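Protein chains: 2
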Amino acid sequence: MRQEHKAEMKARKRNVRLLVAYDGTNYHGFQYQNPPVIAVQNVLEEVLEKIFGDKIEMAASGRTDAGVHALGQVVNFFTDGTIPLERVPMAANSLLPSDITILEAQEADRDFSARHSAQSKSYIYKILNAPRPDPFLRNSAWHIKKELDIASMEKCLKMLEGKHDFSAFRATGGPDVSPVRNIFSAKLKISDREKLPYENGYWNNTDNGKIIEMRFFADGFLYHQVRNMVGTLANVGMGRTSAEKFKEIFEGLDRTKAGATAPAQGLYLEKVNY
Amino acid sequence: MRQEHKAEMKARKRNVRLLVAYDGTNYHGFQYQNPPVIAVQNVLEEVLEKIFGDKIEMAASGRTDAGVHALGQVVNFFTDGTIPLERVPMAANSLLPSDITILEAQEADRDFSARHSAQSKSYIYKILNAPRPDPFLRNSAWHIKKELDIASMEKCLKMLEGKHDFSAFRATGGPDVSPVRNIFSAKLKISDREKLPYENGYWNNTDNGKIIEMRFFADGFLYHQVRNMVGTLANVGMGRTSAEKFKEIFEGLDRTKAGATAPAQGLYLEKVNY
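In the order they appear, the protein sequences are chains X and W. Position 73 (the first sequence) corresponds to 212 in the numbering used here; numbering is contiguous. Position 186 (the second sequence) corresponds to 325 in the numbering used here; numbering is contiguous.
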């Protein structure tokens, strides 16, 4: 099923590009898996085949791991299907499960490839920094109880910006590609949480905490790079690792010295730029 | 198991009051159900029995239906368990599934009853008003595609405030209690959604829509009252029912004339006041 020839696919009339959002909680990542394992791609292709009437094999800007989310994953595929593309989001969303949504569909140039044409990408990582867990964020943020030292984390985020060898944050056993990437920006944003249901304060010691969002914008990322950087940044925030030690780890290029990989549920592929 | 004598329970040393938040998606409502059906209360009692070391039978401020959430449900129970109450949230949360969280535990007066001592309550109902569904809100808001007429909805919310007979919005077949309730406030709040992943706007026609939150604060609510009011208010927002017609429906006291019950996933028990 996966072995159909790429040339045969590319001979089709239209190159269709989709913008897709998904909650990755219930999927074994984005990339197609052999059933009974289900990935986001399995579900998307099955629904799009119904709508376009031919076999769909899509390419995505990149994989996302199990439990990782996407606000703006981009995919493309070739088809002879004739449905007007403005109708695709509504038609597909009515068939898709509610944790996968097609936001937009457009016709792309024949040489557009969601994977190979990508110029840069951004990821967001969300931390719930609060004494209590939040049932509504259990699949969408990493809960850290201890109040994080934001100033130290921002100092380390600053170090990550620019063109560097990111070997210290590279997954062991990943593909053998250059460890050099250019991070255009690595920023942190804090949002206070709404004081619900505490507006009249009858429980005095309830602290709702805050949401910390880190956004990484780069020409590309190594496998697990964002989660490995966040794991080490969180150690800095919790006071387990100093900013000086962070610099040493980063410059030491040794993955075994860095922190654990941050959990998948806090990570969002935000946007892919072409 | 449910038949233990109330008097025996009340003879115990402490009356413990908890503030609890839960995502109701995976539960058959709050109130205890016979297994294999699982309600929030089943899970809470099982965990609290481990922590307090005796049989727990709790009372809640009220039931919530299957799929309905709570930001601040209040429960109480009597126990001989001696664990310091400030340790209860952390101890219980480490055993509870991540969709149920104990926010606070306090000792209450012996005559405090989460159910009978409640003086007033507030509920929030969330609508995602956007052309596309949002995978991250699928279990936490009602998705309405058509842009809602907010001014007309606010006009109708205003009509609901005050002491009225709410028979028009009362579930058929509910308990035989007075249909008169006093709504202290019925307000609507609009939040724009973050323009993610669209900050540089490469997909021109993507409209992220908005979140509409309605908050109802009253001395009490009839069964399904909030969801029935919201269903009818949504009809007004969508232009299916005029504000004048809404008034007629409300004053007509006939449930069969009002709109359908709004879906459970948008409803949150916000706060109970004692």
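Just so it is clear, CB atoms sit at the ideal spot from N, CA and C, and this is done for glycine as well. Model, not experiment: these values are computed from the prediction.
With DSSP as the reference, label residue i as helix, strand or coil.
i	result
residue 217/W	strand
residue 328/W	strand
residue 258/X	coil
residue 195/X	coil
residue 359/W	coil
residue 289/X	helix
residue 303/W	strand
residue 132/X	The structure shown does not extend to residue 132/X, since chain X is modelled only from 140 to 413, so the question has no answer here.
residue 399/W	coil
residue 245/W	strand
residue 227/X	helix
residue 322/X	strand
residue 146/W	helix
residue 347/W	coil
residue 155/W	strand
residue 342/W	Only weak support is given to the placement of residue 342/W: the predicted model assigns it a pLDDT of 48, under 50, and the value that follows is read from those uncertain coordinates. If DSSP states are grouped into helix, strand and coil, residue 342/W belongs with coil.
residue 182/X	helix
residue 203/W	coil
residue 283/W	strand
residue 240/W	strand
residue 364/X	helix
residue 163/X	helix
residue 276/X	helix
residue 222/W	coil
residue 412/X	strand
residue 232/X	helix
residue 190/X	helix
residue 337/W	Low local confidence applies: a pLDDT of 45 at residue 337/W is under 50, so the model's placement there is unreliable, with the coordinate-based value given in what follows. Residue 337/W: coil per DSSP, three-state reduction.
residue 140/X	Residue placement at residue 140/X is flagged as unreliable, the pLDDT there being 45, under the threshold of 50; the coordinate-derived value follows with that caveat. DSSP places residue 140/X in coil when its eight states are reduced to three.
Run the proximity test for residue i: is its beta-carbon closer than 7 Å to any non-hydrogen atom belonging to the ligand MN?
i	result
residue 299/W	Annotation note on the ligand MN: not contained in the displayed structure, which lists no ligands.
Just checking my contact of residue i with residue j at CB under 8 Å: how many whole Å lie between their CB atoms?
i	j	result
residue 274/W	residue 161/X	5 Å
residue 164/X	residue 404/X	7 Å
residue 376/W	residue 267/W	So it is not a contact: roughly 13 Å between Cβ atoms.
residue 316/W	residue 239/W	Going by Cβ atoms, the distance from residue 316/W to residue 239/W rounds to 29 Å, so no, they are not a contact pair.
residue 200/X	residue 253/X	5 Å
residue 346/W	residue 270/W	5 Å
residue 257/W	residue 408/W	Not quite, the Cβ-Cβ distance comes to about 11 Å (not below 8 Å), so this is no contact.
residue 411/W	residue 260/W	5 Å
residue 372/X	residue 318/X	Not confirmed; about 18 Å, so no contact.
residue 401/X	residue 378/X	Not quite, the Cβ-Cβ distance comes to about 17 Å (not below 8 Å), so this is no contact.
residue 322/X	residue 265/X	Residue 322/X to residue 265/X, Cβ: 18 Å. No contact.
residue 332/X	residue 312/X	Not confirmed; about 38 Å, so no contact.
Along chain W, which residues have their Cβ under 7 Å away from the Cβ of residue i?
i	result
residue 275/X	162 and 279
List the residues of chain X whose Cβ lies closer than 7 Å to the Cβ of residue i, in chain order.
i	result
residue 228/W	271
Which chain X residues sit within Cβ distance under 8 Å of residue i?
i	result
residue 238/W	274 and 277
residue 232/W	271 and 272
Quick one: list the residues of chain X neighbouring residue i, beta-carbon separation under 9 Å, in chain order.
i	result
residue 215/W	Those within 9 Å of residue 215/W in chain X number zero; the least Cβ separation is about 14 Å.
Do the segment 280-295 of chain X and the segment 212-227 of chain X make contact, defined as three or more Cβ pairs closer than 8 Å?
-> no
Count the C-beta pairs between the segment 385-403 of chain X and the segment 345-355 of chain X that are closer than 8 Å, then say yes if the count reaches three, no if not.
-> no
Are three or more beta carbon pairs between the segment 143-158 of chain W and the segment 281-298 of chain X nearer than 8 Å?
-> no
Would you check if the segment 356-374 of chain W and the segment 303-323 of chain W touch, i.e. whether three or more CB-CB distances between them fall below 8 Å?
-> In this structure the segment 303-323 of chain W lies against the segment 356-374 of chain W, because at least three pairs of beta carbons, one per stretch, are closer than 8 Å.
Are at least three pairs of beta-carbons, each pair with one atom in the segment 240-250 of chain W and one in the segment 189-208 of chain W, less than 8 Å apart?
-> no
What runs of the alpha helix (DSSP H), each 4 residues or longer, lie entirely inside the segment 368-395 of chain X?
-> Every unbroken stretch of the alpha helix (DSSP H) spanning 4 or more residues and falling wholly within the segment 368-395 of chain X is given here in chain order: 382-391.
Does the count of Cβ pairs from the segment 205-219 of chain X and the segment 168-187 of chain X closer than 8 Å reach three?
-> yes
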